[in-house]
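Engineer: Numbering of the sequence shown is given in the working numbering, commencing with residue 92 and proceeding in unit increments. All C-beta atoms in this analysis are idealised placements derived from N, C-alpha and C, irrespective of residue type, glycine included.
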Amino acid sequence: MVYFKDKSSPSGENHLIILDNQNQSMEKGTMLAVYAPLIGGDAKWDGDLRFTGEFRYTKGYWEWTEDVLSRCGDRLRHLKIYDVVYASLFTYDHNSDIVKAFCEAWCSLTNTLLTSAGKMSISLWDLHELVGLPMTGCLYDEVVPSALELTGVDEKRERFIPRS
């Protein structure tokens, strides 16, 4: 079981301490700096925290997935989704209290996590490593074609933009 304790620092910052058990000292716990309204009780959780991705048994799913992985493995690897499909064969434990603490420490206005080390955010390098976001090259302006460009034809009755 996880325990939470509130702590105020001399500088006036509020912290949430996550302890592994009731007897663990606050110095050995995980400390998250959070905004006062969260510690003050303004954040409320209704009932059990449920995730849409939680385990549900679907008859035949494992057999079907193993079949897809064996027959379409090369294509799935080329599309870089083989590991995702393979990972769906397993269940993953999670602690709802830790997820709640993370959500309470997340600031959606700045996309930062408020921790005892200060505000943290995902970097461009992290995005590059996680999802392959390119970090080199030229900037470009995104162009959205008009309806005429999408559906129009020239004098030779050829489309401005060929069908893909």
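#1: Distance check for R166 and P253, CA to CA, integer angstroms please.
#2: Would you please state the rounded distance, in angstroms, between the beta carbons of A196 and L204? I believe it to be under 8 Å.
#3: Which residue marks the beginning of the alpha helix (DSSP H) containing S187, and which one marks its end?
#4: If distances are taken between C-alpha atoms only, which option among N186, L215, H169 and N202 comes closest to T227?
#5: Sort out for me which residues DSSP pairs R250 with in a bridge.
#6: Name the DSSP beta bridge partners of F95, please?
#7: Taking the straight line between their C-alpha atoms, what separation do you get for I130 and T121?
#8: Rounded C-beta distance between L180 and T156? I'm assuming under 8 Å.
#9: Report the rounded CA-to-CA distance for V235 versus R250, giving the unit in angstroms.
#10: I need the straight-line Cα distance from T201 to Y152, nearest angstrom please.
#11: Helix, strand or coil: how does DSSP classify G209 here?
#12: Between the alpha carbons of L110 and N186, how many angstroms are there, rounded?
#13: Enumerate in chain order the residues of its own chain whose CB-to-CB distance from K96 is below 7 Å, with the five nearest sequence positions on each side excluded.
Structural biologist: Quick answer:
#1: The alpha-carbon separation between P253 and R166 amounts to approximately 26 Å.
#2: Confirmed, about 6 Å.
#3: Where S187 is concerned, the enclosing alpha helix (DSSP H) stretches over S187 to A196.
#4: Per the Cα distances, L215.
#5: Beta-bridge pairing links R250 to V244.
#6: In DSSP, F95 forms a bridge with I109.
#7: Residue confidence is low: I130 scores 46 on pLDDT, short of 50, so the model does not pin down where it sits. Its coordinate-derived value is still stated next. Computed Cα separation, rounded: 15 Å.
#8: Your pair L180 and T156 checks out as a contact, with CB atoms roughly 6 Å apart and the cut at 8 Å.
#9: Between V235 and R250, the C-alpha separation is close to 17 Å.
#10: For T201 and Y152, the distance between alpha carbons rounds to 39 Å.
#11: It is a strand residue.
#12: Distance between the alpha carbons of L110 and N186 is about 13 Å.
#13: Once the five neighbours on either side are set aside, the close Cβ partners of K96 are I108, L110 and M117.
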